[in-house]
Amino acid sequence: MSSNIHAMVANVEVDNLEDAIPLYQELTGETEVRRFPYRDLELALVGPFLLYSGPLENYVSQNGTVIVGSLAPVLEALGKAGAEILEAPNEVPNGTRIVARHPDGSVFEYMQLRA
């Protein structure tokens, strides 16, 4: 399935953005950091990582979005891994998505973008 992944956006909870940003800059090689507030959250975008400090569970229902070329191998891989499908493939404005809870409890959205 990994060769099917085109992009991934991962939400990462941190205690302090000031301490976390340098680490994620080093991990990604990114020098640009976009910072912005959202309600009572502090957020920073470093490469594919959305870092947040605050109660994200009030606003976001999944840990990340994975953009894939095809949903068929994703469904097969999720089934083999014993993941729980929370939302079967359904049409959304920019494509088709699946939402699944992985065996470790994390929840991811898998999206096949509309051509």
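Under UniProt numbering, the sequence shown has 75 at position 75, and the numbering climbs by one with no breaks.
Backbone N, C-alpha and C fix where the C-beta goes; we use that ideal spot for every residue, glycine too.
All values reported here derive from a predicted model rather than from experimental measurement.
Could you please give the first and the last residue of the uninterrupted alpha helix (DSSP H) stretch that includes Gly79?
Locating residue 79 in the sequence shown gives position 79, counting from the first residue. Unbroken alpha helix (DSSP H) run through Gly79: Ala72 to Ala81.
Give the range of the alpha helix (DSSP H) segment to which Pro22 is assigned.
Taking the sequence shown and counting its residues from 1, one reaches residue 22 at position 22. Residues Leu17 to Thr28.
Within a Cβ cutoff of 6 Å, which residues of the same chain sit near Ser3, ignoring the five residues on either side of it in sequence?
Position 3 of the sequence shown holds residue 3. For Ser3, the pLDDT reaches just 49, beneath the cut-off of 50, and the residue's location in the model is therefore unreliable, although a value from the coordinates is still provided. No residues qualify anywhere along the chain.
Straight-line CA distance for Leu78 to Asp19?
Stepping through the sequence shown from its first residue, residue 78 is reached at position 78. Stepping through the sequence shown from its first residue, residue 19 is reached at position 19. Approximately 34 Å, taken between the alpha carbons.
Who does Gly54 pair with in a DSSP beta bridge?
Within the sequence shown, the letter at position 54 stands for residue 54. In DSSP, Gly54 forms no bridge with anything.
Whole-angstrom C-beta distance between Asn11 and Tyr52, which should lie under 8 Å
Residue numbering aside, residue 52 sits at position 52 when the sequence shown is read from its first letter. Residue numbering aside, residue 11 sits at position 11 when the sequence shown is read from its first letter. Between Asn11 and Tyr52 the Cβ distance is about 6 Å, and since that is below 8 Å, they are a contact.
With burial defined as no fewer than 16 other Cβ atoms inside 10 Å of the residue's Cβ, what is the status of Ala115: buried or exposed?
Working through the sequence shown from its first residue, we reach residue 115 at position 115. By the 10 Å Cβ count, Ala115 comes out exposed.
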